[in-house]
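K.L.:
Mind looking over this structure? Questions follow.
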Amino acid sequence: MGIEREGDRPQNLVVSTEEKSAGIPGKGLQIWGDVRLSADGVIQGTVQGSVWGKEKVIVSEDSQVSGSVEGSDVRVDGVVQGGVSARGRVWVGNRAKVRLRCAGRAVRIEPGAEFRGELQVG
Amino acid sequence: MPVTLTKIEVACPECGQAQMESENFISTVCRSCGHYFKSARAARGGKRKIKRAVIKKRELTCADCGSVQEVAEEAQSSTCLQCGRHLELGHREITGEHLGNLSLEGELKIGPRGNFGGSRARAARIVLQGRASGFLEAPEWLRVEGQTKLRTGASGGKLEIRPGAALECGEPLQFQSGEIEGELRCPVARFTGPVRVGPQGLIVAEKISFTELTVEEGGRVRAQGETFAGDRS
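Chains A and B are the protein sequences, given in the same order. According to this note's numbering, the residues represented by the first sequence are 1 to 122, in order. According to this note's numbering, the residues represented by the second sequence are 1001 to 1233, in order.
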């Protein structure tokens, strides 16, 4: 897995990997800026920005994303303030909080989850 | 042909005097001491028991005061023992224009050409195939089976919209759960439980709330959504 900074802006993180999945970043770690994932990715920590994934993206429990999360399929078990959109399925777990938007071809919001925002499914 | 009565000897329980009685005797008086006594069979409770048909009963909740009483399963109407309200227990089908309110404990069917023009209809179960101007209340379920219009709102247990069916509603809906296989268009839809939108389902609403939402692939939703915070707040 390779992590590089985009241009002169140290805030933006680009993660490219040959592995099937990547865990970004570790627990307690904070990223100030957007994250781009070229493989399946698991967010474990705080991202002060948005997350864009080419493949599946998982926002794990106790993780926070202040911007939006986008991926082919997205699962949220943490907090996403800027909305979630997927080209496929969106899964919002029972302890998750999602604000602003939830968009995908299929959506599942589990009992106990908190959601408020625009629903755009199909 | 003369009938011969068989006699048996019985002893008085008081003085012991024996006397002859019919073998089927139920009670007699001692011819010696005048004591009245019953035969052993009668004393055991040998009376022929009348078998009564068992009446199956069911619980009935008054739509007004909520008190529960038992009524025969086959009863068509009853009166609430608590508040005196007349309770119609049967089913009803509206095939044309119906003016006036309705309150049934059974099933109400508003047929494809039916139009409920009253201000309120209450039935345990409602099948909607036509139109309704008044508010519909279905504590068990409201099933939409045709291209239907509701000028006002509706409430109840479960809202079911069958594949190919559509419900256009002018005022808010409030149900415990939803099974949307057809189309639902309304300003506000409030579900205090789970909502499932099937592969052919569509919800277009200004606002929708729920505790749990499943939109299957092929299903569509366009709304401002919110999880129901009834238990949290």
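All C-beta atoms in this analysis are idealised placements derived from N, C-alpha and C, irrespective of residue type, glycine included.
Would you call B/Trp1141 buried or exposed, if buried means 16 or more other Cβ atoms sit within 10 Å of its Cβ?
P.N.:
By 1-based counting over the second sequence, the position of residue 1141 of chain B is 141. It is buried - the Cβ of B/Trp1141 has at least 16 other Cβ atoms within 10 Å.
K.L.:
Buried or exposed, going by whether 16 or more other CB atoms sit within 10 Å of the CB of B/Lys1109?
P.N.:
As a first step, residue 1109 of chain B is located in the second sequence; it is residue number 109 there, counting from the start. Flag for B/Lys1109 reads buried.
K.L.:
Is it buried or exposed, B/Glu1171, if we count other Cβ atoms within 10 angstroms and call 16 or more buried?
P.N.:
In the second sequence, the residue the question calls residue 1171 of chain B occupies position 171. By the neighbour-count rule (16 or more Cβ atoms within 10 Å), B/Glu1171 is not buried but exposed.
K.L.:
Counting Cβ pairs, one atom from each stretch, are 3 or more of them under 8 Å apart for the region 60-77 of chain A and the region 86-98 of chain A?
P.N.:
Verdict: yes, contact present.
K.L.:
From B/Leu1005, B/Asn1024, B/Val1029, pick the residue whose C-alpha is nearest to that of B/Gly1016; which is it?
P.N.:
Here residue 1016 of chain B refers to the residue found at position 16 when the second sequence is read from its first residue. For B/Gly1016, the nearest C-alpha among the options comes from B/Val1029.
K.L.:
How about B/Leu1089 and B/Ser1077: are their beta carbons less than 8 Å apart?
P.N.:
Stepping through the second sequence from its first residue, residue 1089 of chain B is reached at position 89. Stepping through the second sequence from its first residue, residue 1077 of chain B is reached at position 77. Against a cut-off of 8 Å, the Cβ pair of B/Ser1077 and B/Leu1089 comes out as a contact.
K.L.:
Could you spell out where the beta strand (DSSP E) holding B/Pro1187 opens and where it closes?
P.N.:
As a position in the second sequence, residue 1187 of chain B is number 187, starting the count at 1. Residues 1183-1191.
K.L.:
Looking at chain B, is there any beta carbon in it that lies within less than 8 Å of the beta carbon of A/Arg9?
P.N.:
On the first sequence, position 9 is the one that residue 9 of chain A refers to. Low confidence applies here, because A/Arg9 scores a pLDDT of 43, under 50, leaving its location unreliable; read the following figure in that light. With 8 Å as the cut-off, A/Arg9 does not count as an interface residue toward chain B.
K.L.:
Name the chain A residues whose beta carbon is nearer than 7 Å to that of B/Leu1184?
P.N.:
Position 184 of the second sequence holds residue 1184 of chain B. Correct list: empty, because the minimum Cβ distance to chain A is about 13 Å.
K.L.:
By Cβ distance, which residues of its chain are closer than 6 Å to B/Gly1193, with the 5 residues on each side in sequence left out?
P.N.:
Position 193 of the second sequence, counted from the first residue, corresponds to residue 1193 of chain B. For B/Gly1193, where only same-chain residues beyond five positions count, the Cβ hits under 6 Å are Gln1176, Ser1177, Thr1211.
K.L.:
Anything in chain A within Cβ reach of B/Arg1220, meaning under 8 Å, just list it in chain order.
P.N.:
Residue numbering aside, residue 1220 of chain B sits at position 220 when the second sequence is read from its first letter. Correct list: Val121, Gly122.
K.L.:
I think B/Pro1199 touches B/Gly1219, with their Cβ atoms under 8 Å apart; what is that distance to the nearest whole Å?
P.N.:
As a first step, residue 1199 of chain B is located in the second sequence; it is residue number 199 there, counting from the start. As a first step, residue 1219 of chain B is located in the second sequence; it is residue number 219 there, counting from the start. Their Cβ separation, rounded to whole angstroms, is 6 Å, which keeps B/Pro1199 and B/Gly1219 in contact under 8 Å.
K.L.:
With 16 other CB atoms within 10 Å as the buried threshold, where does A/Gln30 fall?
P.N.:
For this step, residue 30 of chain A is matched to residue 30 along the first sequence. With fewer than 16 Cβ atoms within 10 Å of its Cβ, A/Gln30 is classed as exposed.
K.L.:
Can you name the residues of chain B whose CB is closer than 7 Å to the CB of A/Glu110?
P.N.:
Within the first sequence, residue 110 of chain A is the residue found at index 110, counting from 1. Residues of chain B passing the Cβ test: Glu1212.
K.L.:
Between the alpha carbons of A/Asp73 and A/Glu118, how many angstroms are there, rounded?
P.N.:
Reading the first sequence from its first residue, position 73 is the one you call residue 73 of chain A. Reading the first sequence from its first residue, position 118 is the one you call residue 118 of chain A. Their Cα atoms are separated by approximately 18 Å.
K.L.:
The beta strand (DSSP E) spanning B/Pro997 covers which residue range?
P.N.:
Absent from the structure is residue 997 of chain B, since the part of chain B shown begins at 1001 and ends at 1233.
K.L.:
Taking 7 Å as the cut-off, is the C-beta of B/Gly1146 nearer than that to any heavy atom in the ligand FAD?
P.N.:
This structure lacks the ligand FAD; in fact it carries no ligand of any kind.
K.L.:
How should A/Thr46 be labelled, buried or exposed, when 16 other C-beta atoms within 10 angstroms of its C-beta is the threshold for buried?
P.N.:
Taking the first residue of the first sequence as 1, we reach residue 46 of chain A at position 46. A/Thr46 is buried by the Cβ-count criterion.
K.L.:
Under DSSP, the beta strand (DSSP E) around A/Lys97 begins and ends at which residues?
P.N.:
In the first sequence, counting from the first residue as 1, residue 97 of chain A sits at position 97. Here the beta strand (DSSP E) through A/Lys97 covers 97-104.
K.L.:
Just checking: is the beta-carbon of A/Glu61 within a distance shorter than 8 Å of some beta-carbon in chain B?
P.N.:
On the first sequence, residue 61 of chain A is found 61 positions in, with the first residue counted as 1. No, A/Glu61 does not count as interfacial toward chain B.
K.L.:
Look at the alpha carbon of B/Glu1206 and the alpha carbon of A/Gly78, and state the distance between them as a whole number of angstroms.
P.N.:
Within the second sequence, numbered from 1, the residue matching residue 1206 of chain B stands at position 206. Within the first sequence, numbered from 1, the residue matching residue 78 of chain A stands at position 78. Approximately 27 Å between the Cα atoms of the pair.
K.L.:
Express the C-alpha separation of B/Gly1114 and B/Ala1154 in angstroms, rounding to a whole number.
P.N.:
For the purposes of this step, residue 1154 of chain B is identified with residue 154 of the second sequence, where counting begins at 1. For the purposes of this step, residue 1114 of chain B is identified with residue 114 of the second sequence, where counting begins at 1. Those two C-alpha atoms are separated by around 17 Å.
K.L.:
According to DSSP, is B/Arg1222 helix, strand or coil?
P.N.:
For the purposes of this step, residue 1222 of chain B is taken as the residue at position 222 of the second sequence. Note: B/Arg1222 maps to strand in three-state DSSP.
K.L.:
Give me the residue from B/Leu1167, B/Phe1135, B/Pro1112 with the minimum Cα distance to B/Gly1201.
P.N.:
Translated into the one-based positions of the second sequence, residue 1201 of chain B becomes position 201. The shortest Cα separation from B/Gly1201 among B/Leu1167, B/Phe1135, B/Pro1112 belongs to B/Leu1167.
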